[in-house]
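Undergrad: Here you go, one structure.
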Amino acid sequence: MTLPSRRGNTGGMTDRPVVLCIGAVLWDVIGRAPLHLRLGSDVPGRIVRLPGGVAMNIAMTLARFGLRPELLTVVGRDPEGEELLARAAALGCGTDFAYRSEDLPTDRYMAIEGAGGLVAAIADAHSLEQAGGRILAPLSDGRLATEAAPWAGPVALDGNLTEQLLAEIAASPLFAAADLRVAPASPGKAERLLALLGHPRATLYVNLEEAGLLCHDRFEDAATAARALVERGAARALVTDGGRTASEATADRCLTAHPPEVLVTRVTGAGDTFMAAHVASELAGRAPQEALERALTAAAAYVSGDTPT
1 MTLPSRRGNT
11 GGMTDRPVVL
21 CIGAVLWDVI
31 GRAPLHLRLG
41 SDVPGRIVRL
51 PGGVAMNIAM
61 TLARFGLRPE
71 LLTVVGRDPE
81 GEELLARAAA
91 LGCGTDFAYR
101 SEDLPTDRYM
111 AIEGAGGLVA
121 AIADAHSLEQ
131 AGGRILAPLS
141 DGRLATEAAP
151 WAGPVALDGN
161 LTEQLLAEIA
171 ASPLFAAADL
181 RVAPASPGKA
191 ERLLALLGHP
201 RATLYVNLEE
211 AGLLCHDRFE
221 DAATAARALV
231 ERGAARALVT
241 DGGRTASEAT
251 ADRCLTAHPP
261 EVLVTRVTGA
271 GDTFMAAHVA
281 SELAGRAPQE
291 ALERALTAAA
301 AYVSGDTPT
């Protein structure tokens, strides 16, 4: 895959982001306890606040792999937003094209995780939803691309975008040449991706539950789910199933791989890490099977706590 570049007004080559990450950039507030939790549990644990959101998680992982992610998102002009963008820049994520809102607050996500994994979560991404297509302005006004010269590199799309905006992206000439990599924000938002299911340049990254929601079916394994997504119109689908086999399917192949066995210490952001590591591996020229295996290894290192947040 050829990395995108562009000539500036001076005629010389300008540095360009390699991957656009479009979607949620927010503060994660996560409570973790090393116990199995039930409704009403009140237990000791740790509470952390760190940069998060699907687009941000993907961008941070891409930066760790030495790539140049650029964030297209909305961040408020509040103290939380200023701190968030400063942290993002320090982590190697481009923030020059983020839409800064005077009247929308910086989004937040809150989750509780126990020994059995995610217990519950609430995503307050209302500012992203209200900003809508304003976050895409750099792709049409010449700062990154125009309709006549659309962005031709990889784009990570976040299912936190509204169903309407995702449908517009699916039909937009601004994305006609892009390598679209699409991830749902959660099973509750998986069906927002239906508009992109038949896009010829889109790769879907979903877990087994999300694949079932998109296909209105239930699957016992990732390979069956990945093939079903392709039959439903996906150009390519990657399906994960926690610590079980993951699969990648296209019209002419279906690959499988097993993730390393690790002790799970966190889960929020694991799917985003898998997707980003897979994109980075393919951009580095890895073969499909190796790219799948490297992505699973990166996700396993993340959930085990070996990868820094």
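Residue numbers for the sequence shown follow full-length UniProt numbering, so the first one is 1 and each next one is one higher.
Ideal Cβ positions, reconstructed from N, Cα and C, are used throughout, including at glycine.
Only a predicted model underlies this, so the values are computations on that prediction, with no experimental measurement involved.
Using 8 Å as the threshold, is the C-beta distance between G159 and A115 below it?
TA: The answer is no: Cβ separation not under 8 Å.
Undergrad: Let me check one thing: in DSSP terms, what residues is C21 bridge-paired to?
TA: Answer by DSSP bridge pairing, in chain order: L71, A156.
Undergrad: Between the C-alpha atoms of W151 and I169, what's the straight-line distance to the nearest angstrom?
TA: Taking the straight line joining both Cα atoms gives about 13 Å.
Undergrad: According to DSSP, W27 sits in a beta bridge with which residue or residues?
TA: Paired residues: P51, R108.
Undergrad: G271: buried (16+ other C-beta within 10 angstroms of its C-beta) or exposed?
TA: By the neighbour-count rule (16 or more Cβ atoms within 10 Å), G271 is buried.
Undergrad: Under three-state DSSP, which class holds L283?
TA: L283: helix per DSSP, three-state reduction.
Undergrad: Can you tell me whether DSSP reads G132 as helix, strand or coil?
TA: Helix at G132.
Undergrad: Just the Cα atoms here: how many angstroms apart are P4 and L37?
TA: Confidence is the limiting factor: at P4 the pLDDT is only 46, short of 50, which leaves the residue's position unreliable and the question unanswerable from this model.
Undergrad: For R100, which residues does DSSP report across the bridge?
TA: Answer is V75.
Undergrad: Applying the 10 Å Cβ sphere with the 16-neighbour rule, what's the burial state of S281?
TA: Buried, by the Cβ-count rule.
Undergrad: Cα separation between N9 and E290?
TA: Low local confidence applies: a pLDDT of 33 at N9 is under 50, so the model's placement there is unreliable, with the coordinate-based value given in what follows. If you take the alpha carbons of N9 and E290, they lie about 40 Å apart.
Undergrad: Taking the alpha carbon of N207 as the point to measure from, which residue in H199, L196, L229, R108 has its own alpha carbon closest?
TA: Closest by alpha carbon: L229.
Undergrad: Which complete beta strand (DSSP E) runs does the region 158-224 hold, if anything under 3 residues is left out?
TA: Listed in chain order, the complete beta strand (DSSP E) runs (minimum 3 residues) inside the region 158-224 are 179-183, 202-207.
Undergrad: Considering only the alpha carbon of each residue, which of E83, A63, A111, M110 lies closest to G94?
TA: Taking only the C-alpha atoms, the option nearest G94 is A63.
Undergrad: Take L197 as the anchor and find which of A33, S186, A171 has the nearest alpha-carbon.
TA: Among A33, S186, A171, the Cα nearest to that of L197 is on A171.
Undergrad: Would you call the region 212-230 in contact with the region 240-257, where contact means no fewer than 3 C-beta pairs closer than 8 Å?
TA: Cβ pair count under 8 Å is three or more, so yes.
Undergrad: How many Å lie between D141 and A121 at the Cα?
TA: Near 36 Å, if we compare the C-alpha coordinates of A121 and D141.
Undergrad: Residues in its own chain within less than 7 Å of R294 by CB, not counting five upstream and five downstream?
TA: Excluding positions up to five away in sequence, the list reads A277, S281, R286.
Undergrad: On the CB-based measure, 16 or more other CB atoms within 10 Å of its CB, does D241 come out buried or exposed?
TA: Buried, since its Cβ has 16 or more Cβ neighbours within 10 Å.
Undergrad: Quick one: what does DSSP say R253 is sitting in, helix, strand or coil?
TA: DSSP places R253 in strand when its eight states are reduced to three.
Undergrad: On the CB-based measure, 16 or more other CB atoms within 10 Å of its CB, does residue 335 come out buried or exposed?
TA: Lying outside 1 to 309, the shown extent of the chain, residue 335 is not represented and no answer is given.
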